[in-house]
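*Asks:* For the sequence shown, our numbering begins at 155 and goes up steadily by one.
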Amino acid sequence: MSYIGRFLSYRTAQILIFFLPFLEFFFGGGGGLLFFFFFFLFVCVLLNCSQFDFSWPLYESHNKNPLHFRISEQQELFTQKLQQCCMLFDFLDSVTDLKSKEIKRATLNELVDYVSTNRGVLVEPAYPEITNMICTNIFRVLPPSDNPDFDPEEDEPTLEAAWPHIQLVYEFLLRFLENPDFQPSIAKRYIDQKFVLQLLELFDSEDPRERDFLKTILHRIYGKFLGLRAFIRKQINNIFLRFIYETEHFNGVAELLEILGSIINGFALPLKAEHKQFLMKVLIPLHTAKGLALFHAQLAYCVVQFLEKDPTLTEPVIRGLLKFWPKTCSQKEVMFLGEIEEILDVIEPTQFKKIQEPLFKQISKCVTNPHFQVAERALYFWNNEYILSLIEENIDKILPIMFGSLYRISKEHWNPYVP
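#1: Can you tell which of Asp309, Ala260, Phe330, Tyr268 has the C-alpha that lies nearest to the C-alpha of Thr285?
#2: Can you round the beta-carbon distance between Ile438 and Val471 to whole angstroms, since I take them to be within the 8 Å contact cut?
#3: Suppose only complete runs of 3+ residues qualify. What are the beta strand (DSSP E) ranges in the region 261-289, listed by chain order?
#4: Use the C-beta contact count for Arg531: other C-beta atoms within 10 angstroms, 16 or more gives buried, fewer gives exposed.
#5: On the CB-based measure, 16 or more other CB atoms within 10 Å of its CB, does Leu236 come out buried or exposed?
#6: Classify Pro439 as helix, strand or coil using the three-state DSSP reduction.
#7: In the DSSP assignment, the alpha helix (DSSP H) including Ala447 goes from what residue to what residue?
#8: Do three or more CB pairs link the region 308-316 to the region 240-249 at distances below 8 Å?
#9: Smallest Cα separation from Lys426: which of Phe379, Ser559, Lys463, Tyr540?
#10: What would DSSP say about Met489, mapped onto helix, strand or coil?
#11: Are the region 512-528 and the region 539-556 touching, with three or more C-beta to C-beta distances below 8 Å?
#12: Which runs of the alpha helix (DSSP H) at least 4 residues long sit entirely within the region 415-439? Give them in chain order.
#13: Could you tell me if Val528 is buried or exposed, where buried requires 16 or more neighbouring beta carbons within 10 angstroms of its beta carbon?
#14: Can you grab the Cα-Cα spacing for the pair Leu328 / Leu322, in whole Å?
#15: Would you call the CB atoms of Asn405 and Phe432 closer than 8 Å?
#16: Spatial neighbours of Gly489 within its chain, please: C-beta separation below 6 Å, excluding the five flanking residues on both sides.
#17: Which same chain residues end up closer than 8 Å to Met556 when comparing Cβ atoms and leaving out the 5 residues on each side of it in sequence?
#18: Can you tell me whether Ser339 is buried or exposed, with buried defined as 16 or more other CB within 10 angstroms of its CB?
#19: Once you ignore the five residues that flank Glu502 on each side, which residues in its own chain have a CB closer than 7 Å to its CB?
#20: Would you kindly report the start and end of the unbroken alpha helix (DSSP H) that includes Phe367?
#21: With a Cβ-Cβ cutoff of 8 Å, do Phe397 and Val407 count as a contact?
#22: Under 8 Å, do Ile257 and Ile292 count as touching if we go by C-beta distance?
#23: Tell me, to the nearest whole angstrom, how far the beta carbon of Val350 is from that of Ile386; I am working on the premise that it is less than 8 Å.
#24: Whose CA, out of Lys342, Ile417, Phe535, Leu491, lies closest to the CA of His373?
#25: Please state the DSSP three-state secondary structure of Trp479.
#26: Among Lys486, Ile375, Arg365, Lys348, which has the Cα closest to the Cα of Gln337?
#27: Label Val436 either buried or exposed according to how many other C-beta atoms from any shown protein chain fall within 10 Å of its C-beta, with 16 as the threshold for buried.
#28: For Asp335, name the three-state secondary structure that DSSP assigns.
#29: Taking just the CA atoms, how far does Lys253 sit from Leu498?
#30: Where do the N-terminal and C-terminal ends of the alpha helix (DSSP H) with Phe514 fall, by residue?
#31: Hey, Leu411 and Leu354: beta-carbon distance below 8 Å or not?
#32: Quick check on the DSSP output: the alpha helix (DSSP H) that includes Ile545 runs from which residue to which?
#33: From this set, Gly274, Glu566, Ser359, which residue's C-alpha is nearest Pro334's C-alpha?
#34: I'd like to know whether the C-beta atoms of Leu446 and Glu409 end up nearer to each other than 8 Å.
#35: Excluding five sequence neighbours on each side, which residues of the same chain lie with their C-beta closer than 6 Å to the C-beta of Thr290?
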């Protein structure tokens with residue numbers, strides 16, 4: 155179907171033919187008539203053609219239109235819509251291009267639906283067009299925070315202004331990756347290391363909605379592209395090291411740790427040396443971060459996953475936590491105690507014997523802590539039946555360490571609810 159044919163509908167052609175005899179009479183012969191024809195055609199194009207003309211659907215109901223597009227024509231229109239969706243708009247300006255913004259949003263919805271509900275749409279020529287549209291829309295330089303002193307625990311995040319479009323592009327990318335016809339062997343030419351690097355940079359977005367989409371998408375890419383797995387782990391490792399020792403700021407730590415929790419769960423045994431090194435050199439030092447509360451749950455889960463895979467790592471992990479034990483932040487101490495309890499829930503008795511003395515020396519200090527939440531959290535260990543059984547088996551070592559502290563708080567602690 156030609157470009158002009160899309161604008162001149164069948165009904166328009168009927169009207170033109172009906173009026174031809176009258177036009178010939180008024181315009182006096184072929185020359186005037188020819189001029190009018192081209193003038194009419196020109197006006198039709200001007201009236202219908204705009205920056206965004208997405209009026210033709212990607213597919214039509216067979217009941218409504220028996221003469222539906224052939225496959226090649228559907229693919230051609232699919233490509234055209236992908237190309238036109240590469241046009242970007244300024245969402246910081248809320249009064250301009252409103253119609254075009256809405257048309258693009260509707261078309262992105264149509265593209266999402268088309269990829270989700272149709273088979274055979276992911277032919278090889280479509281891959282570069284799809285990835286180009288995705289890259290054009292989502293890969294951008296993230297703006298600096300409006301608040302230089304932004305505290306994720308206290309302040310509201312700055313939401314992405316262009317989210318009405320970007321959300322649909324992420325949705326489209328997700329449907330693209332999950333399509334049954336998706337072929338990693340073709341897609342790897344376009345979803346490569348550069349693509350992954352740009353994707354990881356977006357995890358620093360302040361908008362939690364965007365980070366949530368990125369988390370799911372990166373997990374899908376990790377699952378489908380075996381050749382990118384080591385690269386993804388290495389780059390996450392680099393992001394964490396920069397966060398710990400250089401920037402002390404990265405918005406997407408929790409989301410990356412959540413992905414890692416799933417990755418660690420799939421590690422084969424015995425664990426490779428690089429994985430053990432990642433645990434000791436990256437995950438344990440992450441406990442020193444100022445914003446630990448934002449991602450501690452995901453971090454503790456990753457640590458416990460490692461210990462369930464390889465119990466022999468328990469001793470170095472607990473010694474590492476004791477090394478970085480917070481001295482002045484009670485909130486962090488409560489989190490550390492919670493993580494220690496999670497570790498003790500999966501510890502083997504033989505490993506417990508190796509760390510019981512240094513561990514309970516620290517717990518003894520926590521029990522007498524003047525901050526009642528720290529003292530209370532340490533005492534909760536005695537409510538855990540498995541931990542209590544470990545203590546009973548090693549009472550000769552643990553009682554001399556704990557008795558003095560327990561007796562002192564029973565007599566002297568200022569908060570009556572602690573003892």
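Don't be surprised by glycine CBs; every beta carbon is placed ideally from N, CA and C.
Just so it is clear, the structure is predicted and the values come from calculations on it, not from any experiment.
*Replies:* So, to answer that:
#1: In the sequence shown, the residue the question calls residue 285 occupies position 131. Measuring from the Cα of Thr285, the nearest candidate turns out to be Phe330.
#2: Against the sequence shown, residue 438 aligns to sequence position 284. Against the sequence shown, residue 471 aligns to sequence position 317. Right, the Cβ-Cβ distance comes to about 7 Å (below 8 Å), so this counts as a contact.
#3: none
#4: Along the sequence shown, read from residue 1 onward, the residue named residue 531 stands at position 377. Burial call: buried.
#5: Numbered from its first residue, the sequence shown carries residue 236 at position 82. Buried.
#6: As a working mapping, residue 439 is identified with position 285 in the sequence shown. Correct three-state label for Pro439: helix.
#7: The residue given as residue 447 occupies position 293 in the sequence shown. Note, Ala447: premise wrong, no alpha helix (DSSP H); not H, not E.
#8: yes
#9: Along the sequence shown, one-based indexing puts residue 426 at 272. The option with the nearest alpha carbon to Lys426 is Lys463.
#10: Residue 489 sits at position 335 when you count from the first residue of the sequence shown. Residue state, collapsed to three classes: helix.
#11: yes
#12: 427-432
#13: The residue given as residue 528 occupies position 374 in the sequence shown. Classification of Val528: buried, given that the 10 Å Cβ count is 16 or more.
#14: Along the sequence shown, read from residue 1 onward, the residue named residue 328 stands at position 174. Along the sequence shown, read from residue 1 onward, the residue named residue 322 stands at position 168. If I take the Cα positions, the gap works out to 10 Å.
#15: The residue you call residue 405 lines up with position 251 of the sequence shown. The residue you call residue 432 lines up with position 278 of the sequence shown. For Asn405 and Phe432, no; Cβs fall outside 8 Å.
#16: The sequence position of residue 489 within the sequence shown is 335, counting from 1. One detail in the question is off: residue 489 reads as Met in this sequence, not Gly. Only His450 meet the Cβ criterion.
#17: Here residue 556 refers to the residue found at position 402 when the sequence shown is read from its first residue. Counting only Cβ-Cβ distances below 8 Å, and skipping sequence neighbours, we find Phe514, Ile517, Ser518, Val521.
#18: Mapped onto the sequence shown, residue 339 falls at position 185. Burial call: exposed.
#19: Translated into the one-based positions of the sequence shown, residue 502 becomes position 348. If you ignore the 5 residues before and after Glu502, its C-beta comes within less than 7 Å of the C-beta of Pro465, all in its own chain and listed in chain order.
#20: In the sequence shown, counting from the first residue as 1, residue 367 sits at position 213. Its alpha helix (DSSP H) spans residues 362-378.
#21: Position 243 of the sequence shown holds residue 397. Position 253 of the sequence shown holds residue 407. Taking 8 Å as the Cβ cut-off, Phe397 and Val407 qualify as a contacting pair.
#22: Here residue 257 refers to the residue found at position 103 of the sequence shown. Here residue 292 refers to the residue found at position 138 of the sequence shown. Contact flag unset, no.
#23: Residue 350 sits at position 196 when you count from the first residue of the sequence shown. Residue 386 sits at position 232 when you count from the first residue of the sequence shown. Confirmed, Cβ separation roughly 6 Å.
#24: On the sequence shown, position 219 is the one that residue 373 refers to. Of the listed residues, the one whose Cα sits closest to His373 is Ile417.
#25: Numbered from its first residue, the sequence shown carries residue 479 at position 325. In the structure shown, Trp479 sits in coil (DSSP, three-state: anything other than H, G, I, E or B).
#26: Within the sequence shown, the letter at position 183 stands for residue 337. The option with the nearest alpha carbon to Gln337 is Ile375.
#27: Against the sequence shown, residue 436 aligns to sequence position 282. Flag for Val436 reads buried.
#28: Here residue 335 refers to the residue found at position 181 of the sequence shown. Of the three classes helix, strand and coil, the one that applies to Asp335 here is coil, per DSSP.
#29: For the purposes of this step, residue 498 is taken as residue 344 along the sequence shown, with counting starting at 1. For the purposes of this step, residue 253 is taken as residue 99 along the sequence shown, with counting starting at 1. So the two alpha carbons sit approximately 60 Å from each other.
#30: Along the sequence shown, one-based indexing puts residue 514 at 360. Run containing Phe514: 503-521, per the alpha helix (DSSP H) assignment.
#31: Reading the sequence shown from its first residue, position 257 is the one you call residue 411. Reading the sequence shown from its first residue, position 200 is the one you call residue 354. In this structure, Leu354 does not lie closer than 8 Å to Leu411 by Cβ.
#32: Indexing the sequence shown from 1 puts residue 545 at position 391. Counting along the chain, the alpha helix (DSSP H) containing Ile545 begins and ends at 539-547.
#33: Numbered from its first residue, the sequence shown carries residue 334 at position 180. Of the listed residues, the one whose Cα sits closest to Pro334 is Gly274.
#34: Taking the sequence shown and counting its residues from 1, one reaches residue 446 at position 292. Taking the sequence shown and counting its residues from 1, one reaches residue 409 at position 255. Result no, Cβ atoms of Leu446 and Glu409 do not sit closer than 8 Å.
#35: Your numbering for residue 290 matches position 136 in the sequence shown. For Thr290, where only same-chain residues beyond five positions count, the Cβ hits under 6 Å are Cys240.
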